[in-house]
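Numbering (our numbering), first residue to last: 1 to 187.
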């Protein structure tokens, strides 16, 4: 519901921040094996999530500024396409020659399942306050695998459930097997 959509606010941007933190966590775990002593290393998952949310906020603010600086009118609300050249948002009627529908992505809601404290969408990951001890991820596509890699890097026990015979079924089998092997190596 914020400018920048899913990617800027709860998708790509905060997730890439989490990926960077997860990579540092993985490197920290192997430092001793490489002869580097730094003392006890602690992972603050809450601080990691806060950093990811801050990154998303900065990008969202940047998108707002770009829109403003380029003369783009931003209207928050539910749009109804009334005719080929008429869009209604609340009480406003907007006429135009062209309409582009760019509504962003939404998580798939499984029948009989409601999102809440214990069941979250991928977007909900960014809004966690503390690290869970374990998590089951339903969906072994790109997003599910990325979240599995992030969470397991912080010592969270992860199980992926996938209906296809392999992870990231949209890619070739060799790449899929490489990803599965990599995830297994993370724990």
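Beta carbons are placed, not taken as given, at the ideal position from N, Cα and C, and that holds for glycine.
No experiment lies behind these values; they were computed from the predicted model shown.
Keeping to the same chain, check which residues put their C-beta closer than 8 Å to that of residue i; ignore five residues upstream and five downstream.
i          : result
residue 80 : 87, 88 and 89
Counting C-beta neighbours from all protein chains within 10 Å, is the total for residue i 16 or more, i.e. buried, or is it exposed?
i           : result
residue 56  : buried
residue 22  : buried
residue 111 : exposed
residue 72  : exposed
residue 38  : exposed
Tell me which same chain residues have a C-beta within less than 7 Å of the C-beta of residue i, skipping the five on either side of it?
i           : result
residue 2   : 9 and 60
residue 142 : 168
residue 77  : 89 and 90
residue 49  : 126 and 128
residue 124 : 115
Return helix, strand or coil for residue i, following the three-state DSSP convention.
i           : result
residue 114 : coil
residue 138 : strand
Please tell me whether residue i has its Cβ less than 9 Å away from any Cβ of chain B.
i          : result
residue 80 : This model lacks chain B altogether; it includes just one protein chain.
Starting from the C-beta of residue i, find all residues in its chain whose C-beta is less than 6 Å away, skip the five residues before and the five after it, and write them out in chain order.
i           : result
residue 18  : 52 and 150
residue 186 : 152
What whole-angstrom Cβ distance do residue i and residue j have, given they're in contact under 8 Å?
i           : j           : result
residue 158 : residue 179 : No, residue 158 and residue 179 are not in contact; Cβ-Cβ is about 13 Å, not under 8 Å.
Judging by CA-CA distance, which residue of the options is the nearest neighbour of residue i?
i           : options             : result
residue 181 : 31, 34, 148 and 155 : 148
residue 154 : 132, 34 and 140     : 132
residue 101 : 35, 29, 44 and 85   : 85
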